[in-house]
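Numbering (the UniProt record's numbering), first residue to last: 1 to 273.
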């Protein structure tokens, strides 16, 4: 699903697709490729795999950079998945057509590519709905299991005898005890701290990067990173919700929802065990 976009997993998938295309081109030689005669024929046919690999990289890395709003993983839907896979086939097919025609290996037309895309839409849609249903059942069930054990979660105590966390530098400091900090949301150079005061939940922005925040929190095991931009107090998790896109956290005493990155799913699931 969206997890293969702009990720190492996406690179591996692209590599496997390229390898598969190369194996088919060399081993099966479909679409009239068997009639191609050249002393370096095997190398030319392996080239189909290289072209397919490049096309996959374009679909999984270049397009997400250009169309970042469309490829927002927190707004990923079945429709977007179908569109993404359809565009991927179109890109890969077009590059293979251009490569084949340029070296006169076999004749492809753009109409041939469009026919392949039209035929592929049916299995793409069917597989996507199956995936959506499987992921939804998996994450919603696991979220319920985690919720049932939230009250019994007892994070390890702080490693400091008198724990006080200090964020920021002189002139812009925020001092808190661990149980006050609910979560921190970081950007490139600053961090928003959501913390509990006598008046309720307050927000304080400090010009300090994530690395410094994590360094200060290292002595306090109750804080976990479940997203590249968020560090969360485990005691502040009110509820975990799961759907086909993964997990989202509802934070106690706030209306905020925090997404859980796919690479941190295992860490969240371990918290509930």
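Think of the CB as a built atom: it goes at the ideal place given N, C-alpha and C, for glycine as much as any other residue.
Since the model is a prediction, treat every value here as computed from it, not as a measurement.
Counted within 10 angstroms of its Cβ, other Cβ atoms place residue i as buried (16 or more) or exposed
i	result
residue 47	buried
residue 20	exposed
residue 233	buried
residue 110	exposed
residue 99	buried
residue 164	exposed
residue 44	buried
residue 275	Because residue 275 is not part of the residues shown, which for the chain are 1 to 273, the question remains open.
residue 172	exposed
residue 223	buried
residue 35	exposed
residue 274	Nothing can be reported for residue 274: it is not among the residues displayed for the chain, which extend from 1 to 273.
residue 139	buried
Per DSSP, cross-strand counterpart(s) of residue i
i	result
residue 249	240, 258
residue 231	184, 225
residue 165	176
residue 192	185, 205
residue 197	200
Which listed residue (the options) has its alpha carbon closest to that of residue i
i	options	result
residue 81	44, 111, 126, 8	126
residue 144	133, 223, 247	247
residue 135	265, 244, 252, 269	244
residue 262	220, 225, 104, 18	225
residue 22	53, 8, 83, 199	53
Cβ pair residue i, residue j closer than 9 Å
i	j	result
residue 5	residue 102	no
residue 180	residue 253	no
**Prompt:** Contact between the region 47-63 and the region 75-94: three or more CB pairs below 8 Å?
**Reply:** Proximity of the region 47-63 to the region 75-94 meets the contact definition, three or more beta-carbon pairs being nearer than 8 Å.
**Asked** Quick check: the region 202-209 against the region 231-247, are there 3 or more CB pairs under 8 Å?
**Response** Between the region 202-209 and the region 231-247 there are fewer than three C-beta pairs closer than 8 Å, too few to call the two in contact.
**Request:** Specify whether the region 250-264 and the region 218-234 touch according to this definition: at least 3 beta carbon pairs, one from each stretch, less than 8 Å apart.
**Result:** Taking a cut-off of 8 Å on C-beta distances, the region 250-264 touches the region 218-234, as three or more cross pairs fall below it.
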